[in-house]
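Participant:
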Amino acid sequence: MNKPSILMRLFPASGLKILNWGLAAWTAIVFVFLYLPILVLIVYSFNDTTKKTTSWEGFTFRWYVELSQNSTMISALKNSLIIASITTVASVIIGTVGAWLLHRYQYRFSRLIQTLVCIPMIMPEIIMGISLLIFFIVLRMELGFVTVTIAHITFCFPFVLVAVQARLHGLDPSLEEAALDLGARPLQAFWLVIVPCLRPAILSGALMAFTLSLDEIIVTFFTTGPATRTLPIEIYGKARVGLDYTLNALSTVFVVTTVVFVFFSEYLRKLGARK
Amino acid sequence: MQATNVTNATNAATELPTTATNHARRPKLFGWLLIAPMVLWLALFVVAPLIILLVYSFCQRDDLGRIVYQFTWENYARIFDFENPIYLRTLWLSILYAGITTALCIAIGYPVAWFIARQRETVRNRLLMLVMIPFWTSFLIRTYAWITILSHNGLLNGFLEAAKIIPGPLEMMYTPFAVVIGLLYAYLPFMILPIYGSAEKVDDSLVDAAHDLGAGPFRAFSDVIIPLTWPGISAGILLVFVPAIGMFAITELMGGGRQPMIGNVIQNQFLKARNWPFGAALGIIFTLLFILAYAFVQYRASKQNHNQ
Chain A
13 MNKPSILMRL FPASGLKILN WGLAAWTAIV FVFLYLPILV LIVYSFNDTT
63 KKTTSWEGFT FRWYVELSQN STMISALKNS LIIASITTVA SVIIGTVGAW
113 LLHRYQYRFS RLIQTLVCIP MIMPEIIMGI SLLIFFIVLR MELGFVTVTI
163 AHITFCFPFV LVAVQARLHG LDPSLEEAAL DLGARPLQAF WLVIVPCLRP
213 AILSGALMAF TLSLDEIIVT FFTTGPATRT LPIEIYGKAR VGLDYTLNAL
263 STVFVVTTVV FVFFSEYLRK LGARK
Chain B
27 MQATNVTNAT NAATELPTTA TNHARRPKLF GWLLIAPMVL WLALFVVAPL
77 IILLVYSFCQ RDDLGRIVYQ FTWENYARIF DFENPIYLRT LWLSILYAGI
127 TTALCIAIGY PVAWFIARQR ETVRNRLLML VMIPFWTSFL IRTYAWITIL
177 SHNGLLNGFL EAAKIIPGPL EMMYTPFAVV IGLLYAYLPF MILPIYGSAE
227 KVDDSLVDAA HDLGAGPFRA FSDVIIPLTW PGISAGILLV FVPAIGMFAI
277 TELMGGGRQP MIGNVIQNQF LKARNWPFGA ALGIIFTLLF ILAYAFVQYR
327 ASKQNHNQ
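Protein chains in written order, with the numbering used here: chain A, 13 to 287; chain B, 27 to 334.
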C-alpha cells in the first residue's frame, strides 16, 4: 500500500494541482446545476405569451401586474408573513430563555429536556403534521390560524435555542458573575449583559425561524383549515396544475428577496465580527 | 451566520447533548418556574401528539370514517400483508428513492463542500453564499423551476431536439427520473452545508501527514478525510434521507402521483380515504424507520469517537 498511486507517479508534483482543478471544475458545474433552473424561472417571468408552453414570445411585465392583482395570492402572502412573524417572536423568546436556563441551571432532567428540544428539529415533518392534526382534532380545536402558528412555533424555536446555546458555550461565565457582583439583579444581568452578547446568535436564529416558517408546507398542510391558506399551500396548488407564469413572477420576487436577505445577514455578520 | 447555524443545529442533533457546564447551578423554584412553559409546550405539542398517534394506530374506524376506540392489530396487519404487499412496496420504493437521492447528494456535494472549505476566507465566504441562496429559496419554487425545464414542450426537450440528439420530445416529467431530480435539487444544499462545516475543521497537516506516511490520495481520503468529516456526512444524511422519505410535495409535483411514495399514501389516508387509524399506523412505521436511521448514525458517530 506504500506505493504511490498511478496518478501520483505520472504527475509526481502536479497530482494535487490536477485534483484541485478537477474539484474547481466540478464545483462550477454544480453551481450551474443549482442556478440554471432559477435563472430560467426568472427569465420566463418576463415571457409575453398566453400559451402554456415555454417558447419565448417577447418581453412583458404582464405577469407581475397579474400577480399584484391576484387577491388569493396576496392574502396567502399576508397570512404567511403574519404567521412567520408571530412564530419568529415566540421562537426567539422561548428559544433564548430556554437556552439560557439550560446553560445556567443544571436541572435534574437537563438531558431529557435537551433531547426533547431536538425532537421537533429532526422529526420527519409529515409525522409532526399528522400527529398534531390528530391532537388538535381530539381537543376539538378548529384548524386554522391558531393551530398553524402553534405548529410552526413548535418546530422553529428549537433552532433558535440551539443557535443561542452554541454562542453561550463560548461565553465567559464571569460576565454574569461580574454583573451580579456589581449589584445587578439576576434578571437585570440577563437582560443588560447576557442578551447583548447573544445578539448575533439570536438574530441568525430568528432569521432561520422566519424562513423556516415562511417556506413550510408539510406541517402546514395538515394543521391548517380552508380559511387560512399560506403562500406555500397556494404555490403548491398552482404548481400541481402545471406552468403558470404568475408563479414565475412570484418566484422571481421571492428569489430577489432571498438574495437581498442573505447579503444583508452576511453584512450583519461582518459588522458583528468587526466589533 | 446561517451556515454555521445549520451545522450547529444538525450537529446538536447528531452529537450527544452537553448541557452540564461546571458553573451550572442547581435550580431553585424560580429556575423551575421559568423552564416550565417550554417543557410544557414540548410535552403538549410534541410528546402528547405522538402518543395519541400511537394510540390511534391501534384503533378502528366506523363507516363514516369516525374513530372507534377499540383495540385492533388490523392496521398493522394491512401494512405487513405479505400476500398483497402494496404498502410494503411503497415503503420500499420511498426508501429507495430517498436512498438514491442521499447517495447522489453525497457524491455530488462532497467534492463541492471540500473544495469550498479549502479556499481562502474571502473566496470561501462568497462560495458559501452561493450555496446559501438556493438553500434559503423556497423548495417549492425550486421544484417548480424544473417543470419549465423537463415538461413535454420544455427547454430540455427543445434544446435536445434543436441539437438533433433526439428525434422527438422525451417524456421526462412524471417519471422516476423527474422525482429524483426534484429531490436532489431540493436537498443538495442540505448536504453541502454540514459537510462543509466538518471539512472546514480538517487540519491540512493531517492530510499532509497521511501523504508523508505513504498514503496515496485514495487511501488518505478513505482513512483520514472521511472519518474526520463523518459528523458532517451523518448530519447531511439525516437532513436529506429522512425528509426525502416523507416529502410528498416534490413526488406529487414531479411524479404526478404516478409514483406514490409513503408520504403521499399517508396524506391520502388523512385527507381523501379518511382512514386515520391506518394513516397513523403508516406514520408509526415511518417513525420507527426514522429512529432506526437515527440510531445507526449515532452508533457510527460513537464508534468513530471511540476510535479517535
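Glycine residues also receive a C-beta, built at the ideal position from the N, C-alpha and C atoms.
Does the segment 124-133 of chain B come close enough to the segment 262-282 of chain B that 3 or more CB-CB pairs lie under 8 Å?
Facilitator: Because the criterion of three Cβ pairs below 8 Å is met, the segment 262-282 of chain B and the segment 124-133 of chain B touch.
Participant: Between which two residues does the alpha helix (DSSP H) carrying A/Lys-90 extend?
Facilitator: Within the first sequence, residue 90 of chain A is the residue found at index 78, counting from 1. Looking at the DSSP string, the run of the alpha helix (DSSP H) that includes A/Lys-90 is 83-116.
Participant: Could you tell me which whole alpha helix (DSSP H) segments of length 4 or greater appear in the segment 168-242 of chain B?
Facilitator: Entirely contained in the segment 168-242 of chain B, the alpha helix (DSSP H) runs reaching 4 residues are, in chain order, 181-188, 202-225, 230-238.
Participant: Provide the residue span of the alpha helix (DSSP H) that contains A/Glu-228, from first to last.
Facilitator: Numbered from 1 along the first sequence, position 216 holds the residue referred to as residue 228 of chain A. Neither: A/Glu-228 is in no alpha helix (DSSP H) and is coded neither H nor E.
Participant: May I ask you to verify whether the segment 252-263 of chain A touches the segment 208-228 of chain A, counting CB pairs closer than 8 Å and requiring at least 3?
Facilitator: No: fewer than three Cβ pairs fall under 8 Å.
Participant: Closer than 8 Å, Cβ to any Cβ of chain A: which residues of the segment 156-182 of chain B, in chain order?
Facilitator: Cβ contacts with chain A: Leu-156, Val-157, Met-158, Ile-159, Pro-160, Trp-162, Thr-163, Ser-164, Phe-165, Leu-166, Ile-167, Arg-168, Thr-169, Tyr-170, Ala-171, Trp-172, Ile-173, Thr-174, Ile-175, Ser-177, Asn-179, Gly-180, Leu-181.
Participant: Just mark B/Gln-293 as buried or exposed, buried being the case when its beta carbon has 16 or more other beta carbons within 10 Å.
Facilitator: Here residue 293 of chain B is taken as the residue at index 267 of the second sequence, counted from 1. It is buried - the Cβ of B/Gln-293 has at least 16 other Cβ atoms within 10 Å.
Participant: Given this structure, state the Cα-to-Cα distance separating A/Val-289 from A/Leu-180, to the nearest angstrom.
Facilitator: Because residue 289 of chain A is not part of the residues shown, which for chain A are 13 to 287, the question remains open.
Participant: Mind checking whether A/Pro-170 and A/Pro-198 have CB atoms under 9 Å apart?
Facilitator: Here residue 170 of chain A is taken as the residue at index 158 of the first sequence, counted from 1. Here residue 198 of chain A is taken as the residue at index 186 of the first sequence, counted from 1. No, the Cβ-Cβ distance between A/Pro-170 and A/Pro-198 is not below 9 Å.
Participant: Evaluate A/Gln-177 with the Cβ neighbour count: other Cβ atoms within 10 Å of its Cβ, from every protein chain shown; 16 or more gives buried, anything less gives exposed.
Facilitator: Taking the first residue of the first sequence as 1, we reach residue 177 of chain A at position 165. Buried, since its Cβ has 16 or more Cβ neighbours within 10 Å.
Participant: Under the three-state reduction of DSSP, which class applies to B/Gln-285: helix, strand or coil?
Facilitator: Along the second sequence, read from residue 1 onward, the residue named residue 285 of chain B stands at position 259. Here B/Gln-285 sits in coil by DSSP.
Participant: Which one or two residues does DSSP pair with B/Val-94 in a beta bridge?
Facilitator: For the purposes of this step, residue 94 of chain B is taken as residue 68 along the second sequence, with counting starting at 1. DSSP output for B/Val-94 lists B/Gln-86 as bridge partner(s).
Participant: Using the C-alpha atoms, what's the distance from A/Gln-81 back to A/Leu-355?
Facilitator: Beyond the ends of chain A as shown, which are 13 and 287, falls residue 355 of chain A; an answer cannot be given.
Participant: When the cut-off is 9 Å and only beta carbons count, does A/Arg-252 lie next to chain B?
Facilitator: For the purposes of this step, residue 252 of chain A is taken as residue 240 along the first sequence, with counting starting at 1. Chain B contact via Cβ: present.
Participant: For a contact meaning CB atoms closer than 8 Å, what does B/Trp-140 contact in chain A?
Facilitator: Numbered from 1 along the second sequence, position 114 holds the residue referred to as residue 140 of chain B. Leu-35, listed in chain order.
Participant: Report yes or no: do three or more beta-carbon pairs, one from the segment 164-175 of chain B and one from the segment 255-265 of chain A, lie closer than 8 Å?
Facilitator: Contact holds: three or more Cβ-Cβ distances are below 8 Å.
Participant: Please classify A/Leu-210 as buried or exposed, where buried requires at least 16 neighbouring CB atoms within 10 angstroms.
Facilitator: Start at 1 with the first residue of the first sequence, and residue 210 of chain A comes out as number 198. Label assigned to A/Leu-210: buried.
Participant: Please go through the segment 246-306 of chain B and give each complete alpha helix (DSSP H) segment of 4 or more residues, from N-terminal end onward.
Facilitator: Correct list: 252-272, 274-281, 288-297.
Participant: Do B/Ala-143 and B/Val-228 have their C-beta atoms within less than 9 Å of each other?
Facilitator: Translated into positions along the second sequence, residue 143 of chain B becomes position 117. Translated into positions along the second sequence, residue 228 of chain B becomes position 202. Closer than 9 Å, so yes.
Participant: Considering only C-alpha positions, which residue in the set B/Glu-278, B/Leu-156, B/Ile-311, B/Phe-316 is nearest to A/Ile-50?
Facilitator: For the purposes of this step, residue 50 of chain A is identified with residue 38 of the first sequence, where counting begins at 1. The shortest C-alpha separation from A/Ile-50 is found at B/Leu-156.
Participant: Can you pull the chain A residues whose beta carbon is under 9 Å from the beta carbon of B/Tyr-211, in chain order?
Facilitator: Here residue 211 of chain B corresponds to residue number 185 of the second sequence, with the count starting at 1. Phe-45, Leu-46, Pro-49, listed in chain order.
Participant: According to a CB-to-CB cut-off of less than 8 Å, which residues of the segment 297-318 of chain B neighbour chain A?
Facilitator: Taking 8 Å as the Cβ-Cβ cut-off against chain A, the residues of the segment 297-318 of chain B that qualify are Trp-302, Gly-305, Ala-306, Gly-309, Phe-312, Thr-313, Phe-316.
Participant: Just to confirm the assignment, what range does the alpha helix (DSSP H) spanning A/Gly-237 have?
Facilitator: Translated into positions along the first sequence, residue 237 of chain A becomes position 225. Counting along the chain, A/Gly-237 falls outside any alpha helix (DSSP H), and DSSP gives it neither H nor E.
Participant: Using the C-alpha atoms, what's the distance from B/Phe-244 back to B/Tyr-136?
Facilitator: Taking the first residue of the second sequence as 1, we reach residue 136 of chain B at position 110. Taking the first residue of the second sequence as 1, we reach residue 244 of chain B at position 218. Their Cα atoms are separated by approximately 14 Å.
Participant: In chain order, what residues of the segment 266-277 of chain B put their CB closer than 9 Å to some CB of chain A?
Facilitator: For the segment 266-277 of chain B, which is checked against every Cβ of chain A, the residues closer than 9 Å are Val-268, Pro-269, Ile-271, Gly-272, Met-273, Phe-274, Ala-275.
Participant: For B/Leu-154 and B/Glu-100, I'd like the C-alpha separation in whole angstroms.
Facilitator: Taking the first residue of the second sequence as 1, we reach residue 154 of chain B at position 128. Taking the first residue of the second sequence as 1, we reach residue 100 of chain B at position 74. Using only the alpha carbons, I get a separation of about 50 Å.
Participant: So, helix, strand or coil for B/Arg-144, using DSSP?
Facilitator: Within the second sequence, residue 144 of chain B is the residue found at index 118, counting from 1. Three-state DSSP puts B/Arg-144 in coil, outside helix and strand.
Participant: Given this structure, state the Cα-to-Cα distance separating B/Val-149 from B/Ile-159, to the nearest angstrom.
Facilitator: Position 123 of the second sequence, counted from the first residue, corresponds to residue 149 of chain B. Position 133 of the second sequence, counted from the first residue, corresponds to residue 159 of chain B. Rounded to the nearest angstrom, the two C-alpha atoms are 16 Å apart.
Participant: Go ahead and label B/Thr-47 buried or exposed: buried means 16 or more other beta carbons lie within 10 angstroms of its beta carbon, across all protein chains shown.
Facilitator: What you label residue 47 of chain B is simply residue 21 of the second sequence in a count that begins at 1. Only weak support exists for where B/Thr-47 lies, its pLDDT of 49 falling under 50; the coordinates are left without a value.
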